[in-house]
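Each residue of the sequence shown is one higher than the last, beginning at 1 in the UniProt record's numbering. A virtual CB, placed ideally from N, CA and C, is assigned to each residue, including glycine. All figures in this text were calculated on a predicted structure; none of them were measured in a lab.
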Amino acid sequence: MTNDLRLAVRLIRGGGAGGYVRLALMAIGYGLGAVVVLLLAALPAVLRERGDITAARQPISAEDSVSFRSNFNFGSWRGVRFTRVLIADAAPNAPLPAGVAALPEPGETVLSPAAARLARHDANFGALLPGRQVGRIDESGLLGPDELYAYVGVTIDEMPSGSPSRGWGGFATDEEMRDQFSTVPLQLLLIVSAPAVLYFAVCSRLSAASRRRRYAALRLVGMNRRRVLRLAAIEAAAAGLAGGLLGLAAYAALNRVIGPSGILGFTWYPEASAFSLVGGVAMVLVLGLLAGAVGGASSARALFRPVEARFDAADRPPRWWQVAPLVFGLGLIVYPLLLDNRPPGQAMDQTSGILLLLGVVLSALGLLISLRTVLVAIARTVANNRAPLVLRLAARRVEYESVGTARHLAGLCSLVLVATVGAGVLRQTELSATPVAERLIVKVNGQDVPVAARERMAELPAQGHWVQQRSVTSPPPLGAMPSTPEDFIRFQGVELVVATCQSLRRNTRQPLEGCRDGAAYRIQQGGPSALSLSPGLDVTFQNAQKQPVTIKTPEQTIDLGAGEGLPRGMAILVTGDSSPLGLTEESFLFYQLSAEVAEVDRFVTGIGTAAPAATLTVFGLDLPALETYRVHRGVVGVGLLLAFLGSTAVLVGRVHDRPGSGGQRPPRRRLAMVINALALW
């Protein structure tokens, strides 16, 4: 074995600059692959730590032994999650959440580093964090360096819906966080698998022709097959081990950048993705063994047909069955894309999405497998036609070197495939996450609005606003279904809408000529039905003093058409600025905003100042889906980068490995190969 090692080293050194270039290309390729493998291996630990931190920040509800009152305010700032935890009436010995040295008193805040920086540079954002900053959340209490998180001290009056709490860490795990990010490793594996597998194959086959001729020469001078196989495996394993060590060093350096950079759509601290020494050594050894096995397997032609391997024999013809995965994958894609009738701008359902994803994966792998078959068929067709001589010679060359040409085109195909499919995946997720509209409808729960601030809610900067409240209901008898308008009122309730006619016109974009302020209407869409409200029915509501108030259904009707956020029927409309019930805890406040960033910022700041505990619900805006969109974008970007590296590695290998022909000098020959490769691009 020692002699084989010495001979392998002599063969590498004897190859001169070309041998070193081959070894360097293979080592760099394996090193980049090692970085991807280490990142994939670290992701489960990163996601597990995110879930643990999120669960540790949840307050524990209590009926007695109350240490403080809390309110979680989940919101966003310009599409980024922004969480404020309101703290009131905290005892001196109250338990502390992770990463916090002391709970804030009223008028004090404890901020994450990212929130503190943003508050200093953005006055609108700073208005959401009233008071003096008295502390900073450290890494043990944050998901990543860019997380916007704050603990804000308030009074009991400012937080009417506060929950009595006795500690932190109320949940064993955060289900929303787990569901949202648990598929990230699978997505990365599916989307990156095709270019990653291609890239590993490319790195193991770089300069394959040169190595094949060298091993064939050793067989022809009398070396037995087993020893040649060992030499081939040792040379490839050396490249794999060198690449593994290079990948470990590169990952150790890049780990300080990968997590905070948000390359996968979310950030984490480098300590969460650091690898252990045992894991790193195991990965290097596995990579070396894998490279050695592939290198030994690729030397079969030199072992069994050494005379043929010494000259440029034509590649073996492809097999017909290699086209089957491509055909099956395209068949799975046909249904979601051509037969799924969806309105424009609407995201597809989950079943169609899964079929499309499976079809894309099969089509990608099938394309890589069957590309050589397609190339040979096209080349033979062109060569047998009455085409110009130059074109026929080029077609014969493609047929003659179908393996190398297919390898190069496979890299380019995977690059284009990942880019185009990635764009479709991103568009699909974006449609599910964000509204495509010129305006936004925002809902605020009246329970979160302090009594002192209720009069100011109508003064917030918005294009229009209205208030909705459901009537008092009673549970129906077991198995009973409403069959009359009276039953519907008693068991399911009726909405009371209070709005000005101007706000309604802006919302519906209709003239509403019959609408006038100071009147009452029954909201009715289209013609009357069996469950339409009849005039003169008694409907009971609860006012701000928690007293019952009976309102009769009015005579007049109004059709609000396709109004956003407004009920379509079984509702009473009272036009004007003030509600006959006042602003109660059971009411919901609706605001219509322009989608302009500046107006949204002003409104969010106004709400946060008037009612710190208010949680905003933006119709059509799904923040978890928006975060998933960013993850998809990052995963597709990684796949695109790998595909680009794979195709570039093939280009370098073809330029370096092309044997001399036609008496051309090496510089001119390599220039011709560069031009040929760029033409394939």
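With 16 other CB atoms within 10 Å as the buried threshold, where does residue i fall?
i, result
"Gly660", "With a pLDDT of 49 at Gly660, under the threshold of 50, the modelled position of this residue cannot be trusted; read the value that follows with caution. Result: exposed."
"Phe74", "exposed"
"Asp64", "exposed"
"Arg516", "exposed"
"Thr381", "exposed"
"Gln469", "buried"
"residue 691", "With the chain represented from 1 up to 681, any question about residue 691 goes unanswered, as that position is not in the structure."
"His465", "buried"
"Ser503", "buried"
"Leu220", "exposed"
"Tyr521", "buried"
"Arg57", "buried"
"Pro548", "exposed"
"Pro59", "buried"
"Leu478", "exposed"
"Asn93", "exposed"
"Arg6", "exposed"
"residue 683", "Here the chain comprises residues numbered 1 to 681, so residue 683 is not present and cannot be evaluated."
"Thr550", "exposed"
Give the straight-line distance between the Cα atoms of residue i and residue j, rounded to the nearest whole angstrom.
i, j, result
"Gly135", "Phe644", "46 Å"
"Ala250", "Ala123", "41 Å"
"Leu118", "Ala150", "12 Å"
"Leu241", "Leu264", "28 Å"
"Ala172", "Val66", "Bear in mind that the predicted position of Ala172 carries a pLDDT of just 49, short of 50, making it unreliable; the figure below should be weighed with that in mind. In a straight line, the C-alpha of Ala172 is about 21 Å away from that of Val66."
"Val327", "Val334", "11 Å"
"Ile234", "Val228", "10 Å"
"Gly324", "Ser352", "The sequence shown places Ala at residue 324, not Gly. Roughly 22 Å separates the two Cα atoms."
"Gly169", "Ser163", "15 Å"
"Ala282", "Gly31", "14 Å"
"Ala55", "Arg48", "11 Å"
"Ala635", "Leu641", "First, the amino acid is wrong: residue 635 is Val here, not Ala. Using only the alpha carbons, I get a separation of about 10 Å."
"Phe541", "Gly569", "18 Å"
"Ser161", "Lys546", "16 Å"
"Leu23", "Ala239", "6 Å"
"Pro270", "Leu368", "36 Å"
"Tyr20", "Leu246", "16 Å"
"Met223", "Val46", "51 Å"
"Tyr595", "Ala462", "Here residue 595 is Ala; the residue named in the question, Tyr, does not match the sequence. If you take the alpha carbons of Ala595 and Ala462, they lie about 11 Å apart."
"Gly329", "Ala27", "34 Å"
"Leu616", "Val152", "17 Å"
"Thr553", "Gly561", "20 Å"
"Ala88", "Arg69", "5 Å"
"Leu295", "Arg226", "According to the sequence provided, residue 295 is Gly. The question's Leu does not apply to it. Cα to Cα, the separation comes out at about 14 Å."
Is residue i near the ligand GTP, going by C-beta to nearest heavy atom under 7 Å?
i, result
"Val85", "In the structure shown, the ligand GTP is absent, as is every other ligand, since no ligand is present at all."
Assuming residue i is part of the beta strand (DSSP E), what are its boundary residues?
i, result
"Phe541", "538-542"
"Gln469", "464-470"
"Ala88", "80-88"
"Leu440", "439-445"
"Phe588", "587-594"
"Phe72", "68-77"
"Lys552", "548-552"
"Val134", "132-136"
"Tyr151", "148-153"
Between which two residues does the alpha helix (DSSP H) containing residue i stretch?
i, result
"Thr609", "597-610"
"Glu235", "225-261"
"Gly329", "324-334"
"Ser503", "501-508"
"Glu459", "No alpha helix (DSSP H) holds Glu459; DSSP gives it neither H nor E."
"Leu264", "Segment: none, Leu264 is in no alpha helix (DSSP H) and carries neither H nor E."
"Leu118", "113-121"
"Phe491", "485-491"
Round the Cβ separation of residue i and residue j to the nearest angstrom and send it over; I've been treating them as touching at under 8 Å.
i, j, result
"Leu96", "Leu103", "7 Å"
"Gln524", "Thr575", "About 15 Å; that fails the 8 Å criterion."
"Arg78", "Leu148", "So it is not a contact: roughly 10 Å between Cβ atoms."
"Pro612", "Leu86", "6 Å"
"Gly144", "Thr267", "3 Å"
"Leu277", "Gly243", "That belief does not hold up - the Cβ atoms of Leu277 and Gly243 are roughly 18 Å apart, past 8 Å."
"Gly292", "Ala237", "3 Å"
"Leu248", "Ala34", "7 Å"
So that I know if they touch, is there some Cβ in chain B lying closer than 8 Å to that of residue i?
i, result
"Asn445", "Absent from the structure is chain B; it holds one protein chain and no more."
Pairs of beta-carbons, one from the region 496-507 and one from the region 564-573, closer than 8 Å: are there three or more? Short answer: they touch.
How do the region 582-594 and the region 448-459 stand: do at least 3 beta-carbon pairs fall below 8 Å, yes or no? yes
Counting Cβ pairs, one atom from each stretch, are 3 or more of them under 8 Å apart for the region 27-44 and the region 125-135? no
Would you be able to state if there are at least three C-beta pairs under 8 Å between the region 442-449 and the region 587-604? yes
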